[in-house]
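A.B. asks:
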Amino acid sequence: MLLNAKEILLKEILNQYLNQLNMICHCEKCMEDVLAISLNQVKPQYITDIDKISYSKSEMVDKQKNTAMLVILTEATSKVSAFPRCENRLLLNKESY
413 MLLNAKEILL KEILNQYLNQ LNMICHCEKC MEDVLAISLN QVKPQYITDI DKISYSKSEM
473 VDKQKNTAML VILTEATSKV SAFPRCENRL LLNKESY
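Rendered as structure tokens:
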């Protein structure tokens, strides 16, 4: 099994800070768009076993690395919130008027 540890970490950080990120939509499509934008900004870190994720998580103890990933997620949520591509976008656009 081949896994991108950064994807797992970004998902965890996104879920942890979801309420603080001020996303206008939390649907699956918007969440995936945020993760895709974010993953394109970070260097992948592949692991072959989910049990090896603890090494990657230990790097996140470093405040600077954790903050950098949070900034990337914040920028991605801002982009997705500004231009959501989900089915809710029409409803969301009507609410903003």
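Everything in the sequence shown is counted per the working numbering, starting at 413 for the first residue and increasing by one.
Beta carbons are placed, not taken as given, at the ideal position from N, Cα and C, and that holds for glycine.
(1) In chain order, what residues of the same chain have a beta carbon less than 7 Å from the beta carbon of Ile-425, not counting five sequence neighbours either side?
(2) Give me the Cα-Cα distance between Val-492 and Gln-453, rounded to the nearest whole angstrom.
(3) Short of 7 Å in beta carbon distance, which residues of its chain neighbour Arg-497, apart from the five on each side in sequence? Order them along the chain.
(4) Please list, in chain order, all residues of the same chain as Leu-422 whose beta carbon is under 7 Å from its beta carbon, the five residues on each side excluded.
(5) Can you give the beta carbon distance from Ile-459 to Ser-468, rounded, assuming they're within the 8 Å contact cut?
(6) Tell me which residues share the same chain as Gln-457 and place their Cβ nearer than 8 Å to its Cβ, disregarding the 5 neighbours each side in the sequence.
(7) Quick one: give me the first and last residue of the alpha helix (DSSP H) that Leu-430 is part of.
(8) So, are the CB atoms of Thr-479 and Met-435 less than 7 Å apart?
(9) Output the distance between the C-alpha atoms of Ser-466 and Leu-414, rounded to the nearest integer angstrom.
C.D. replies: Here's the rundown:
(1) Residue 425 sits at position 13 when you count from the first residue of the sequence shown. The residues are Met-481, Leu-482 and Leu-485.
(2) Here residue 492 refers to the residue found at position 80 when the sequence shown is read from its first residue. Here residue 453 refers to the residue found at position 41 when the sequence shown is read from its first residue. C-alpha separation (whole angstroms): 15 Å.
(3) Taking the sequence shown and counting its residues from 1, one reaches residue 497 at position 85. Same-chain partners within the cutoff: Lys-441 and Asp-445.
(4) Looking up residue 422 in the sequence shown gives position 10. For Leu-422, where only same-chain residues beyond five positions count, the Cβ hits under 7 Å are Leu-447, Ser-450, Leu-451, Met-481 and Leu-485.
(5) Numbered from 1 along the sequence shown, position 47 holds the residue referred to as residue 459. Numbered from 1 along the sequence shown, position 56 holds the residue referred to as residue 468. Going by Cβ atoms, the distance from Ile-459 to Ser-468 rounds to 7 Å, so yes, they are a contact pair.
(6) Sequence index remark: in the sequence shown, residue 457 carries index 45 (1-based). Contacts found: Asn-416, Ala-417, Lys-418 and Ser-468.
(7) In the sequence shown, residue 430 corresponds to position 18, counting from 1. Careful: Leu-430 lies outside any alpha helix (DSSP H) and carries neither H nor E.
(8) Along the sequence shown, one-based indexing puts residue 479 at 67. Along the sequence shown, one-based indexing puts residue 435 at 23. In this structure, Met-435 does not lie closer than 7 Å to Thr-479 by Cβ.
(9) If you number the sequence shown from 1, residue 466 lands on position 54. If you number the sequence shown from 1, residue 414 lands on position 2. Cα-Cα distance, rounded: 15 Å.
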